[in-house]
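Residue numbers (my numbering), protein chains in the order written: chain A, 310 to 587; chain B, 2 to 320.
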Amino acid sequence: MESSKLCSLDRRRFLETLGVGLLGMATLATVTPEVSFANSSDRNAGRIAILYDASKCVGCHYCESGCRNANGLSDEVQLDLAALPASMTRFMRYNGIALPKVEPVTTDDRTASRWLRVIDSGAEISGITEYLRRSCAHCGLCAKVCPSRALRQRDDGTVTVEPDLCIGCGYCYQACPFDIPRYAETGRDAAMRKCTLCVERIDSGAEMPACVRVCPTGALSFGSYADAVVEGRARTAELQKQGFDTACLYGAEELGGTSLIYVLPQSYEVYGLPDLPS
Amino acid sequence: MEEIALQTHWGWQIAMYLFLGGLAAGTLFAAVLIDLKCGESMRRTVRFAVCVATACLIVGTLMLVTEVRMPLRAMMLWRSFTNVGSWMVFGAWLLFATIMVSGVYALANIGAVTSHLPWLVKGRRPLGYVLLVASVCIAAYTGILLSALVAHPLWNTPLLPVLFTVSAADTGVALIASHLAWRRADDEVAGSVSRWLELATLVLVVAEAVALVALLATVSSFSEIGALSVSLLTHGGLAPWFWLLFVGCGLVIPLAASAWSHYQDHKAKAAPKAARADDVKTMARSRRRVVLMSGGVACLVGGCALRFLVLLAGLPVWA
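This is the structure in structure tokens:
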């Protein structure tokens, strides 16, 4: 008997049902996940941050060396002595630190054991190269999607990595708007690795991340997110007053605020940084 | 156009995972509806569809496991899928639960099993309702997994789950329609179901085309990288595949096959009784069978191509 019911269902009613079903599915899909960056002031209340002033960066790669030493990373870093201020070069010469000049780093060749890179961004002002720091901004998007909680965002905004929990699904890589996650290729440690803002060192009493500590020109500073934003805005205004009209602060508003805030003498697009929602 | 690096971090396994998840969801949804409406007269088709859907879910999940770098660790669901805020966790548990339920539902459709476990027959209806909800969730999830990623403008739109859901329904309907045509099911109920499925294909293909146009238009107008992704599909390196496999096989052929078959039905009804000689009917039927099967297979090829193309063209904002 049921079969005759089936046959008797007329076309109009069938189409109506299908239409309602499709509409329902569409409605269901439209209430799906938009990442919300609301309440960013609460979110950033306890956040710590690095302020990177690109106008003071000389591209010496000393921060990379500090990162490698502090975190026991294996990839070699070569310092560019010619990029250092003369006084610093002099200090190194008389203290047995003699390293060759390297070719400019134009490709962002970060790996699972090289978490930080300062690259020639390709932007220039009056023929002089603009440098750009590439490392994790601790925006937290990866921690939101990481299925195994190998990535977690602490109350101070820092995203830490627990390699033993990582399953290597690559969801964090796809979620990251800065191309940060890198995976060790083989072995038990084939997990995702990235900058952790030296939180272990900070938790055990260090005043600042290793990269900030070794920066010879003051391009890097470390403190609360709020202080970094105030300081960054003041510096940006100063640069604009000097005639760099497109100078901007990047990372303070983007994605609700990150822990790596850039002072850039030119527009962020010139440096190849992505346009992100605030 | 300058050389653009495609998104290859997630490879073919994830594309297959999304396709098989969608195909299973669409097939389960249509099969349960047919079971609820037709009961015993369509048991064979329902059994086939549910078994295929369960197999697709299992193979799809294995695809995800083989894509990850540490598959053994990933297989410990209770340890590795714990972040309730992650859509991948929602999907992993949803797939796991659905495999269980649809496995039981498949058993409840096998006579040799139900003769030993007659209580399974009573469980069919409630299990069917659970599967209806689960299949809609899986179909939408395959799109949501990608649309939750802010870093990929082509993916980060609510229209992607809509497109994937409609495509899932489309491929599921195509699979069952092809099966009916394959086994020459031409009794009264099977014929009626077959005509329904043709009609559903017509509506779903049009809905899919509308969702696709809306997605491409919004994505390309909202961001530069989004526009680049869309141009890759429409006139860039992926264009031949997009037009041939997705638009051609996935939309045009199924639409034409269903429309033609529908027209034949209409013509047969309108024809005078004298013209409905048995040999003419048989010829028309066999031609119709070939057309419907071709439409169904083309639809499956198109659905699979859609997942591959969307994955490959999903350029990140830092590209």
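Each residue gets a CB set at the ideal place from its N, CA and C atoms; glycine is no exception.
Being a predicted model, the structure only gives us computed values, none of them experimental.
What residues match up with F588 of chain A in a beta bridge as DSSP calls it?
This structure cannot settle anything about residue 588 of chain A, because the visible part of chain A is limited to 310 through 587.
Which residues in the same chain have their Cβ closer than 7 Å to the Cβ of T341 of chain A, if we skip the five residues on either side of it in sequence?
Legend: pLDDT at T341 of chain A = 47, less than 50; position of this residue unreliable, value from coordinates given subsequently. The beta carbon of T341 of chain A sits closer than 7 Å to no other beta carbon from its chain once the five residues preceding and following it are set aside.
Chain B partners of L450 of chain A, CB-CB under 9 Å?
L150, V151 and A152
Taking M517 of chain A as the reference, give the member of A:K453, A:C372 and A:L324 with the closest Cα.
A:C372
Buried versus exposed call for W120 of chain B [16 or more other C-beta atoms within 10 Å across all chains shown]
exposed
According to a CB-to-CB cut-off of less than 7 Å, which residues of the stretch 479-501 of chain A neighbour chain B?
G479, Y480, Y482, Q483, A484, C485, P486, F487, D488, Y492 and A499
For the alpha helix (DSSP H) containing G375 of chain A, name the first residue and the last one.
Y371 to N380
Taking a Cβ distance cut-off of 7 Å, strictly less, list which residues of the stretch 60-81 of chain B are near chain A, in chain order.
Cβ contacts with chain A come from V69, R70, M71, R74, A75 and S81.
Can you grab the Cα-Cα spacing for the pair R185 of chain B / V174 of chain B, in whole Å?
Their backbone Cα atoms lie some 17 Å apart in a straight line.
Between the C-alpha atoms of I476 of chain A and P490 of chain A, what's the straight-line distance to the nearest angstrom?
13 Å
Counting only Cβ pairs nearer than 7 Å, list the residues of chain A close to H10 of chain B.
G479, Y482 and Q483
How about the stretch 527-534 of chain A and the stretch 351-362 of chain A: do they share at least three Cβ pairs that are nearer than 8 Å?
yes
For a cutoff of 8 Å on Cβ pairs, would you count I476 of chain A as touching chain B?
yes
Would you call the CB atoms of C57 of chain B and L96 of chain B closer than 8 Å?
By the CB criterion at 8 Å, C57 of chain B and L96 of chain B fall outside the cutoff.
Give the residues of chain A in contact with M294 of chain B, contact being defined as C-beta atoms less than 7 Å apart.
Correct list: empty, because the minimum Cβ distance to chain A is about 23 Å.
Does the stretch 232-252 of chain B touch the stretch 192-204 of chain B, meaning 3 or more C-beta pairs lie closer than 8 Å?
With contact defined as three or more Cβ pairs closer than 8 Å, the stretch 192-204 of chain B and the stretch 232-252 of chain B are not in contact.
D417 of chain A - partner residues in DSSP beta bridges:
According to DSSP, D417 of chain A bridges with nothing at all.
Thinking C-beta only, is A446 of chain A closer than 8 Å to L487 of chain A?
Note that residue 487 of chain A is Phe in the sequence shown here, rather than Leu. The answer is yes: Cβ separation under 8 Å.
Counted within 10 angstroms of its Cβ, other Cβ atoms place I434 of chain A as buried (16 or more) or exposed:
exposed
Does the beta carbon of L327 of chain A sit closer than 8 Å to a beta carbon anywhere in chain B?
yes
For C520 of chain A, the three-state DSSP class (helix, strand or coil)
helix
Cβ-based contacts, 9 Å cut-off: residues of the stretch 201-233 of chain B near chain A
A201, V204, L205, A208, A212, S224, E225 and I226
Around the Cβ of P409 of chain A, are there at least 16 other Cβ atoms within 10 angstroms (buried) or fewer (exposed)?
Residue confidence is low: P409 of chain A scores 46 on pLDDT, short of 50, so the model does not pin down where it sits. No coordinate-derived value is stated.
Using CA atoms only, rank isn't needed, just tell me which of A:A379, A:A493, A:Q551 and A:G466 is closest to D473 of chain A.
A:A493
For M74 of chain B, which of A:R322, A:P586, A:D584 and A:A499 has the nearest alpha-carbon?
First, the amino acid is wrong: residue 74 of chain B is Arg here, not Met. Taking only the C-alpha atoms, the option nearest R74 of chain B is A:A499.
Give me the Cα-Cα distance between S589 of chain A and V85 of chain B, rounded to the nearest whole angstrom.
Any answer about residue 589 of chain A is impossible in this case: the structure gives chain A only from 310 up to 587.
Coil, strand or helix - C366 of chain A by DSSP:
Under the three-state reduction of DSSP output, C366 of chain A falls in the coil class, being neither helix nor strand.
Taking the alpha carbon of R290 of chain B as the reference point, which residue from B:Y106, B:L310 and B:L181 has its own alpha carbon closest?
B:L181
Would DSSP call L573 of chain A helix, strand or coil?
strand
Exposure label - L11 of chain B; buried when at least 16 CB within 10 Å:
As written in the sequence, residue 11 of chain B is Trp, which differs from the Leu given in the question. It is buried - the Cβ of W11 of chain B has at least 16 other Cβ atoms within 10 Å.
Closer than 8 Å, CB to CB, is M89 of chain B near chain A or not?
yes
Output the distance between the C-alpha atoms of P159 of chain B and S148 of chain B, rounded to the nearest integer angstrom.
Straight-line Cα distance between these residues: approximately 6 Å.
Residue closest to F309 of chain B, alpha-carbon to alpha-carbon, out of B:G40, B:W242 and B:W79
The shortest C-alpha separation from F309 of chain B is found at B:W242.
Completely contained alpha helix (DSSP H) runs for the stretch 242-277 of chain B, where each covers 4 or more residues:
254-271
Three-way DSSP call (helix, strand, coil) for C451 of chain A in this model
C451 of chain A falls in the helix class under three-state DSSP.
Kindly indicate if chain B contains any beta-carbon less than 8 Å away from that of R463 of chain A.
no
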